[in-house]
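A short worksheet on the structure shown next.
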Amino acid sequence: MITKDKVLLSLRGVREPKFQKDFTQMNLVDVKVNENKVSLKIYLREDVFDQKDEIEKKVRNKINLAFGDQVADLQVEFIKVPDYSDVRKRIKLEVLDESKAKLGRVIAITSGKGGVGKSTVSINLAVALRDLGYRIGLLDADIYGPSIPTAFGLEGHILEIKDEKIQPIEKMGLKMVSIGFMIPEVDTPLIWRGPMLHKAINEMVNEVEWGDLDYLVVDLPPGTGDAILSLNNSVKIDGAIVVSTAQKVAAADVMKNINMLRTLSIPIIGIIQNMSYVECPCGERIYLWGKDGVIQLANKYEIEFLGEIPFIPSVVESMETGNFITLSEQAKIVFREISEKIINRLDVIAGLKRGG
Ligand code: ADP
Ligand code: MG
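Going by our numbering, the first residue of the sequence shown is number 776, and it counts up by one from there.
Quick look at the structure:
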């Protein structure tokens, strides 16, 4: 069913040319839905009114991507205004929560246990999404072993506060916050307990000047601890990704992880099999822990299998040198394909697209 809020969500990314913010966030779109007919009124300032055709093209494209044939008729009308102040007051968006809209979609990266590549996936996914043109925030909530400071060469960095807002660090086009920037000494995290952790996670989500994001990728600590509960209480998680290796022994941990997500009603985007195989120079793939352990789990729990990431030496390097430019073409392609699947799945979860 086409609804007003789905239409508004689908228009995310279409920006007002003067202010470079989404029309929907600026409350400049009036939506009317009548079964399969959609009509939009878009308010546009006179000094940028000549860009309306271009904007209309983008709008039609977005609606088409989200709804395809479901929309039988789409009317787009532009209304010229001298300034936006009156319009914005008048159009109140009931459904789209302003602060949540700013964060974009929140993706939690989870795993049953540590060392399976959760941080590697988080960071490379953030970079791949950035390469697809999205505005990305990366939140490292792993109190036991924050990875962002090392991976981006930012050890010892402390977050600044400006106008009562925490300023994220910007590097390589990503906005980042790490629990490692909040508590610099390596062994401090051990004394952190529930309430402090909860406060820190809530602050990293809600007190950071994220600006406008399309996706916020959250690297969580392993297992079924407090961090995901805190995150879940701080913001609506649009979907979680489960990262695992293929060993049989990993299965029990993965199962607990999946059960926890289901208990919290967090939609599961899918599962990734990491460090799947090594490619020998002769071209043969050597599977380190059996070929399809994770696929079997995915089938058993009816979860989307998002793909496998080989053991890629340049990935290790990029994590340790703090320089992602070293990422090999092979690694980039793998992460791009997985990112595209994730975007697609999130649209399905949000009800913007039909499918499995
Ligand atoms: P986690 O966050 O789950 O504890 P990490 O992302 O820190 O795991 O990964 C653990 C180690 O494995 C790191 O040294 C990382 O560089 C390495 N690693 C993870 N995934 C890959 C991969 N696909 N190819 C090569 N090395 C990897
Ligand atoms: Mg980690």
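Here a beta-carbon is modelled for each residue, glycine too, at the ideal position from N, C-alpha and C. Quantities reported herein were computed from a predicted structural model and do not represent experimental measurements.
#1: Would you kindly work out how many angstroms separate the C-alpha atoms of tyrosine 919 and methionine 957, rounded to a whole number?
#2: Within the present structure, is the beta-carbon of phenylalanine 736 separated from the nearest heavy atom of the ligand ADP by less than 6 Å?
#3: Assign tyrosine 919 to one of three DSSP states: helix, strand, or coil.
#4: Compare the Cα-Cα distances from serine 1103 to each of Glu978, Val806, Val902 and Lys832 and report the closest residue.
#5: Just curious, the alpha helix (DSSP H) that arginine 1037 is in, first and last residue?
#6: Taking buried to mean at least 16 other C-beta atoms within 10 Å of its own C-beta, is glycine 767 buried or exposed?
#7: Quick check: does the Cβ of lysine 781 come within less than 6 Å of any heavy atom belonging to the ligand ADP?
#8: Any heavy atom of the ligand MG closer than 6 Å to the beta-carbon of lysine 1075?
#9: Let me check you understand the geometry: is the CB of lysine 893 closer than 6 Å to at least one non-hydrogen atom of the ligand MG?
#10: Counting only the same chain and skipping the five closest in sequence on each side, list residues whose C-beta sits under 8 Å from that of valine 777.
#11: Need the endpoints of the alpha helix (DSSP H) that isoleucine 1113 sits in, please.
#12: If we ignore side chains and look at the alpha-carbon of each, how far apart do leucine 1133 and proline 1085 end up?
#13: Taking DSSP as the reference, what is the three-state secondary structure of isoleucine 1087?
#14: Does at least one heavy atom of the ligand MG sit under 6 Å from the Cβ of aspartate 953?
#15: Quick one: is aspartate 938 buried, meaning 16 or more other Cβ sit within 10 Å of its Cβ, or exposed?
#16: Check whether the stretch 883 to 901 and the stretch 1003 to 1022 touch, using three or more Cβ-Cβ pairs below 8 Å as the test.
#17: Using DSSP with H/G/I as helix, E/B as strand and the rest coil, what is aspartate 994?
#18: So, does the stretch 789 to 799 touch the stretch 828 to 837, judging by three or more C-beta pairs under 8 Å?
#19: My understanding is that glycine 955 touches proline 924, with C-beta atoms under 8 Å, so please give their C-beta distance in whole angstroms.
#20: Assuming tryptophan 1064 contacts threonine 1096 (C-beta within less than 8 Å), just tell me the rounded distance between them.
To lay it out plainly:
#1: Position 144 of the sequence shown, counted from the start, is the residue given in the question as residue 919. Position 182 of the sequence shown, counted from the start, is the residue given in the question as residue 957. Going by the C-alpha atoms only, they are around 13 Å apart.
#2: Residue numbering for the chain in the displayed model covers 776 to 1131; residue 736 lies beyond these limits and cannot be assessed.
#3: Numbered from its first residue, the sequence shown carries residue 919 at position 144. Of the three classes helix, strand and coil, the one that applies to tyrosine 919 here is coil, per DSSP.
#4: As a first step, residue 1103 must be located in the sequence shown, where it is residue number 328. Here the closest residue by C-alpha is Val902.
#5: In the sequence shown, the residue the question calls residue 1037 occupies position 262. Taken as a continuous stretch (DSSP letters only), the alpha helix (DSSP H) holding arginine 1037 covers 1025 to 1038.
#6: No answer is possible for residue 767: it lies beyond the span of the chain, which begins at 776 and ends at 1131.
#7: Counted from its first residue, the sequence shown places residue 781 at position 6. Every heavy atom of the ligand ADP is 6 Å or more from the Cβ of lysine 781, so no.
#8: Numbered from 1 along the sequence shown, position 300 holds the residue referred to as residue 1075. No - the ligand MG has no heavy atom lying nearer than 6 Å to the Cβ of lysine 1075.
#9: Here the question's residue 893 lines up with position 118 in the sequence shown. Yes, the beta carbon of lysine 893 sits closer than 6 Å to at least one heavy atom of the ligand MG.
#10: Locating residue 777 in the sequence shown gives position 2, where the first residue counts as 1. Sequence inspection shows isoleucine at residue 777; the valine mentioned does not correspond to that position. Val808, Glu810, Asn811, Val813, Phe842, Gln845 and Val846.
#11: Indexing the sequence shown from 1 puts residue 1113 at position 338. Here the alpha helix (DSSP H) through isoleucine 1113 covers 1104 to 1124.
#12: The question about residue 1133 has no answer here: the residues shown for the chain are numbered 776 through 1131.
#13: Stepping through the sequence shown from its first residue, residue 1087 is reached at position 312. Correct three-state label for isoleucine 1087: coil.
#14: As a first step, residue 953 is located in the sequence shown; it is residue number 178 there, counting from the start. Just to set this straight, residue 953 is serine in the shown sequence, not aspartate. No - the ligand MG has no heavy atom lying nearer than 6 Å to the Cβ of serine 953.
#15: Translated into the one-based positions of the sequence shown, residue 938 becomes position 163. Aspartate 938 is exposed by the Cβ-count criterion.
#16: yes
#17: Working through the sequence shown from its first residue, we reach residue 994 at position 219. In this structure, aspartate 994 counts as strand in the three-state DSSP scheme.
#18: yes
#19: Residue numbering aside, residue 955 sits at position 180 when the sequence shown is read from its first letter. Residue numbering aside, residue 924 sits at position 149 when the sequence shown is read from its first letter. Contact flag correct, Cβ pair sits at about 4 Å.
#20: The sequence position of residue 1064 within the sequence shown is 289, counting from 1. The sequence position of residue 1096 within the sequence shown is 321, counting from 1. Contact flag wrong, Cβ pair sits at about 27 Å.
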